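Undergrad: Below is one structure. I have some questions about it.
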Amino acid sequence: MLEGIRIDEEYTIKQLKEMIKIKSIVGEERDLAEYLGSELKSLGFKTEMHDVEPRRPNIYAKISGKSNGPRLMFNGHTDTVPVCEGWQTDPFTPVVKEGRIYGLGSCDMKAGFACALTALKAIIDSGTEFGGKLLFSGVIDEEAYSKGAKAMLKTDYGKCDAIILGEPYPGNETKPIPLGITGKILYDVTVKGHSAHGFTPQLGINAIEEAAKIIISLDKLKMKSHERFGVGNHCTLKIEGGYTIYSVVVPDRCRFEVNRLLVPGESANSAIDDFNELVKSLNLKSEVEVKTKPPQYEPFMLREDEQILKIFQKVYKNVLGVEPKYAYNTGITDANVFAGEARIPCLHLGPERGNVHQPNEYTPIEWLLPISKMYAMIATHFLGRDSSE
Ligand SMILES: [Zn+2]
0 MLEGIRIDEE YTIKQLKEMI KIKSIVGEER DLAEYLGSEL KSLGFKTEMH DVEPRRPNIY
60 AKISGKSNGP RLMFNGHTDT VPVCEGWQTD PFTPVVKEGR IYGLGSCDMK AGFACALTAL
120 KAIIDSGTEF GGKLLFSGVI DEEAYSKGAK AMLKTDYGKC DAIILGEPYP GNETKPIPLG
180 ITGKILYDVT VKGHSAHGFT PQLGINAIEE AAKIIISLDK LKMKSHERFG VGNHCTLKIE
240 GGYTIYSVVV PDRCRFEVNR LLVPGESANS AIDDFNELVK SLNLKSEVEV KTKPPQYEPF
300 MLREDEQILK IFQKVYKNVL GVEPKYAYNT GITDANVFAG EARIPCLHLG PERGNVHQPN
360 EYTPIEWLLP ISKMYAMIAT HFLGRDSSE
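Note that my numbering numbers the sequence shown so that position 292 is 291, with each residue one more than the last.
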C-alpha cells in the first residue's frame with residue numbers, strides 16, 4: 000500500500016523541534032506561518048500567506064497531481080495557548096526525555112504539522128503519481144475564536160473534499176477519533192430593573208436579584224437529547240451589575256454570560272428561544288434581553304460511510320494492527336467550522352497527547368512514525384492513484 004514511499008522519522012523529529020523553538024502563542028502566529036511556508040515551498044508547493052488580522056496570517060499551500068480529481072487538505076492551527084505556571088523546562092526549547100519531546104505546542108499541534116510535512120515530503124520524494132490536489136493550511140486563532148478557520152473557508156482553499164486535522168487524536172482508548180462534536184453558544188443576558196433607594200427596595204426592581212432567579216433556574220432550560228451526544232450542558236461564566244462607587248441604590252442593570260453546548264438539532268436561534276421560554280416561565284418583574292456573542296460553533300456529525308473515514312479505517316488497521324476507536328465528543332475544534340459550517344468532512348488524526356493546555360506538554364515520539372505513515376497512505380489512497388491495498 001505504501002510502495003516506494005519512505006517515511007523519514009528523523010525529519011519529523013527535526014521539524015517538531017524547530018517548530019517548538021518558534022514561539023506562536025495565539026496572536027503571534029506569523030513566524031510559524033513563515034516557517035511552514037518556506038518548508039512547503041522547498042518541497043515544491045505553491046504557497047500563499049494571507050493576513051487574517053494585521054501580522055496574523057494563515058499559510059496556504061497546494062500542489063497539483065497529474066490529473067483532475069479530489070482535493071485533500073492537511074490542516075492545523077499555528078497558535079498555541081500561552082505559557083502557564085509550572086514548566087520544569089523552557090517551553091520554547093525542545094527537550095527529549097524518556098521517549099517524549101517536551102515543549103509548548105509539542106502535541107497541540109506542532110507534532111501534527113511535523114507529521115503532515117513528513118507525509119507530504121514522502122509522497123513528493125517518492126514520485127508517486129496522484130490525481131487532484133494536495134492542499135495545506137495552517138490557520139491562526141483556533142485556541143480563541145477560530146478566525147483563521149473562518150477566513151480559510153472564504154478562500155479557494157475552502158473548496159476541498161476532505162480535511163485531515165492534525166489535532167492529537169490517535170484513535171486509541173484515551174483519545175478516540177471524533178465522529179462528531181457538540182457546538183456551542185455564549186448567551187449574553189441583560190436584566191433591566193428599576194432603581195430606587197436601597198432602604199426602600201420594594202419601590203424598585205433589583206436587576207441582580209432577578210438575574211439570580213434566572214441563574215438558579217438554568218437547570219429547567221429545555222435542552223434536546225441527542226441519540227449520540229445525549230444532552231448538552233450550560234455553565235454561567237460571568238456576571239456583572241451593581242454600583243461602581245459604593246451607593247445604596249437598587250441596581251437597575253445586571254448582565255451575565257452562560258456557555259451552552261449544542262447538540263445536532265439545536266441552533267443559536269433555538270437556544271435563544273429556549274432561554275426566553277425559561278425567562279417567561281419565571282414571571283419576573285424585570286425586562287430581560289437575551290442575545291448571543293462570539294464565539295459560536297455549530298455542532299456536526301460525520302456520515303459513517305464518508306470516504307475519508309473508510310480509507311482511514313483500513314489504513315489504521317494496516318499500520319497499527321488494531322481497529323481505531325471512535326467517539327462523539329463535547330468540545331470544540333476548527334472542525335466545528337469546516338464540518339459544522341461548510342460541511343467538509345474532517346478527520347482528526349494526530350500523535351498521542353501529553354499535558355495539553357498544561358505545563359510540561361509533550362508528544363510521545365513513538366506516535367510520530369505511524370501518524371506520518373497513515374497520513375501518506377490516506378492521502379495517496381484518497382487521491383486515487385494507489386490501487387494496491
Ligand atoms: Zn489544538
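Every residue gets a Cβ at the ideal spot worked out from N, C-alpha and C, and that includes glycine.
Computed from a prediction, not measured in an experiment: that's the story for all the values here.
Specify the secondary structure class of Phe311 as computed by DSSP and reduced to three states.
TA: To locate residue 311, count along the sequence shown from 1; it is residue 312. The answer is helix: DSSP assigns Phe311 an H, G or I state.
Undergrad: Helix, strand or coil: how does DSSP classify Ile122 here?
TA: Counting from 1 along the sequence shown, the entry for residue 122 is found at position 123. Three-state result, Ile122: helix.
Undergrad: Find the nearest neighbour of Met300 within the set Met72, Gly179 and Met376, judged by alpha-carbon distance.
TA: In the sequence shown, residue 300 corresponds to position 301, counting from 1. Met300 has its Cα closest to that of Gly179, out of Met72, Gly179 and Met376.
Undergrad: Please state if the CB of Ile163 and the CB of Leu348 are separated by a distance shorter than 8 Å.
TA: Here residue 348 is taken as the residue at index 349 of the sequence shown, counted from 1. Here residue 163 is taken as the residue at index 164 of the sequence shown, counted from 1. Result yes, Cβ atoms of Leu348 and Ile163 sit closer than 8 Å.
Undergrad: Out of Cys114, Lys65, Lys219 and Gly203, which has the shortest C-alpha to C-alpha gap to Asn275?
TA: Taking the first residue of the sequence shown as position 1, residue 275 is located at position 276. Of all alpha-carbon atoms in Cys114, Lys65, Lys219 and Gly203, the one lying nearest the alpha-carbon of Asn275 is that of Lys219.
Undergrad: Helix, strand or coil: which one does DSSP assign to Thr127?
TA: What you label residue 127 is simply residue 128 of the sequence shown in a count that begins at 1. Here Thr127 sits in coil by DSSP.
Undergrad: According to DSSP, Asn335 sits in a beta bridge with which residue or residues?
TA: Along the sequence shown, read from residue 1 onward, the residue named residue 335 stands at position 336. Answer by DSSP bridge pairing: none, since Asn335 is not bridged.
Undergrad: Report the residue from Gly383, Ala378 and Thr362 whose alpha carbon sits nearest the alpha carbon of Pro169.
TA: Within the sequence shown, numbered from 1, the residue matching residue 169 stands at position 170. With distances taken between Cα atoms, Pro169 lies closest to Thr362.
Undergrad: Would Ala326 and Pro177 be called neighbours here (beta carbons separated by less than 8 Å)?
TA: As a working note, residue 326 is residue 327 in the sequence shown. As a working note, residue 177 is residue 178 in the sequence shown. A Cβ-Cβ contact shorter than 8 Å links Ala326 with Pro177.
Undergrad: Are the CB atoms of Tyr296 and Tyr156 within a distance shorter than 8 Å?
TA: Counting from one through the sequence shown, the residue named residue 156 turns up at place 157. Counting from one through the sequence shown, the residue named residue 296 turns up at place 297. Going by C-beta atoms, Tyr156 is not nearer than 8 Å to Tyr296.
Undergrad: Using the Cα positions of Val188 and Gly339, report the straight-line distance between them to the nearest angstrom.
TA: Translated into positions along the sequence shown, residue 188 becomes position 189. Translated into positions along the sequence shown, residue 339 becomes position 340. Those two C-alpha atoms are separated by around 25 Å.
Undergrad: Using the three-state DSSP reduction, which class does Pro369 fall into: helix, strand or coil?
TA: Along the sequence shown, read from residue 1 onward, the residue named residue 369 stands at position 370. Three-state DSSP puts Pro369 in a helix.
Undergrad: Report yes if the CB atom of Asp107 is closer than 8 Å to the CB atom of Thr127, and no otherwise.
TA: On the sequence shown, position 108 is the one that residue 107 refers to. On the sequence shown, position 128 is the one that residue 127 refers to. Not in contact: Asp107 and Thr127 (Cβ atoms no closer than 8 Å).
Undergrad: Below 8 Å between beta carbons: does that hold for Asp83 and Pro350?
TA: On the sequence shown, position 84 is the one that residue 83 refers to. On the sequence shown, position 351 is the one that residue 350 refers to. The question names Asp, but residue 83 in the sequence shown is Cys. Contact: no.
Undergrad: Taking Cβ positions, are Ser285 and Glu209 nearer each other than 8 Å?
TA: Counting from 1 along the sequence shown, the entry for residue 285 is found at position 286. Counting from 1 along the sequence shown, the entry for residue 209 is found at position 210. Pairing Ser285 with Glu209 gives a Cβ-Cβ distance under 8 Å.
Undergrad: Nearest to Met18 by CA position, among Ala150, Arg70 and Thr92, is which residue?
TA: Sequence index remark: in the sequence shown, residue 18 carries index 19 (1-based). Nearest C-alpha to Met18: Thr92.
Undergrad: Exposed or buried, which one is Glu303 when buried takes at least 16 other CB atoms within 10 Å?
TA: As a position in the sequence shown, residue 303 is number 304, starting the count at 1. So Glu303 counts as exposed.
Undergrad: Below 7 Å CB to CB, which residues in the same chain sit around Ile86 once its five sequence neighbours on both sides are set aside?
TA: Start at 1 with the first residue of the sequence shown, and residue 86 comes out as number 87. For the sequence presented, residue 86 should be read as Trp rather than Ile. Within the same chain, and ignoring the five residues on either side of Trp86 in sequence, the residues whose Cβ sits closer than 7 Å to its Cβ are Pro358 and Asn359.
Undergrad: Taking 7 Å as the cut-off, does the CB of His76 come closer than this to any heavy atom belonging to ligand 1?
TA: Along the sequence shown, read from residue 1 onward, the residue named residue 76 stands at position 77. Yes.
Undergrad: Alpha carbon to alpha carbon, how far is Gly102 from Leu35?
TA: Your numbering for residue 102 matches position 103 in the sequence shown. Your numbering for residue 35 matches position 36 in the sequence shown. Cα to Cα, Gly102 sits roughly 18 Å from Leu35.
Undergrad: Ligand 1 heavy atoms versus the CB of Met108: any closer than 7 Å?
TA: Looking up residue 108 in the sequence shown gives position 109. Checking the Cβ of Met108 against ligand 1 gives yes.
Undergrad: Evaluate Arg259 with the Cβ neighbour count: other Cβ atoms within 10 Å of its Cβ, from every protein chain shown; 16 or more gives buried, anything less gives exposed.
TA: For the purposes of this step, residue 259 is identified with residue 260 of the sequence shown, where counting begins at 1. By the 10 Å Cβ count, Arg259 comes out buried.
Undergrad: Just to confirm, is the Cβ distance from Ile6 to Thr117 under 8 Å?
TA: Numbered from its first residue, the sequence shown carries residue 6 at position 7. Numbered from its first residue, the sequence shown carries residue 117 at position 118. Against a cut-off of 8 Å, the Cβ pair of Thr117 and Ile6 comes out as a contact.
Undergrad: Can at least three beta-carbon pairs, one atom from the segment 42-56 and one from the segment 127-147, be found at a separation below 8 Å?
TA: yes
Undergrad: Given a threshold of 16 other Cβ atoms within 10 Å of its Cβ, counted over all protein chains shown, does Phe198 qualify as buried or as exposed?
TA: By 1-based counting over the sequence shown, the position of residue 198 is 199. Exposed: under 16 other Cβ atoms inside 10 Å.
Undergrad: Among the candidates Gly182, Ala375 and Leu367, whose CA atom is the shortest distance from the CA of Val336?
TA: Stepping through the sequence shown from its first residue, residue 336 is reached at position 337. Of the listed residues, the one whose Cα sits closest to Val336 is Gly182.
Undergrad: Hey, Gly240 and Arg254 are a contact pair by Cβ (cut 8 Å); roughly how many whole angstroms apart?
TA: As a first step, residue 240 is located in the sequence shown; it is residue number 241 there, counting from the start. As a first step, residue 254 is located in the sequence shown; it is residue number 255 there, counting from the start. Sure, about 7 Å apart at Cβ, within 8 Å.
Undergrad: I need the DSSP call for Leu277, collapsed to helix, strand or coil.
TA: Residue mapping note: residue 277 aligns to position 278 of the sequence shown, counting from 1. Note: Leu277 maps to helix in three-state DSSP.
Undergrad: What would DSSP say about Arg254, mapped onto helix, strand or coil?
TA: The residue you call residue 254 lines up with position 255 of the sequence shown. Three-state DSSP puts Arg254 in a strand.
Undergrad: The alpha helix (DSSP H) with Asp30 in it runs from where to where?
TA: In the sequence shown, the residue the question calls residue 30 occupies position 31. Residues Arg29 to Ser41.
Undergrad: From the beta carbon of His196, is the nearest beta carbon of chain D less than 8 Å away?
TA: Among the protein chains of the structure shown there is no chain D, as only one such chain exists.
Undergrad: Count the other CB atoms, across all protein chains shown, that sit within 10 Å of the CB of Thr291; report buried if there are 16 or more and exposed otherwise.
TA: In the sequence shown, counting from the first residue as 1, residue 291 sits at position 292. When all chains shown are included, Thr291 counts as buried.
Undergrad: Am I right that Asp160 and Arg70 are in contact with their C-beta atoms under 8 Å? What's the rounded C-beta distance?
TA: Residue 160 sits at position 161 when you count from the first residue of the sequence shown. Residue 70 sits at position 71 when you count from the first residue of the sequence shown. The C-beta distance from Asp160 to Arg70 rounds to 5 Å, short enough to fall under 8 Å.
Undergrad: How would you label Ile184, buried or exposed, when you count the other beta carbons within 10 angstroms and need 16 or more for buried?
TA: Counting from 1 along the sequence shown, the entry for residue 184 is found at position 185. Result: buried.
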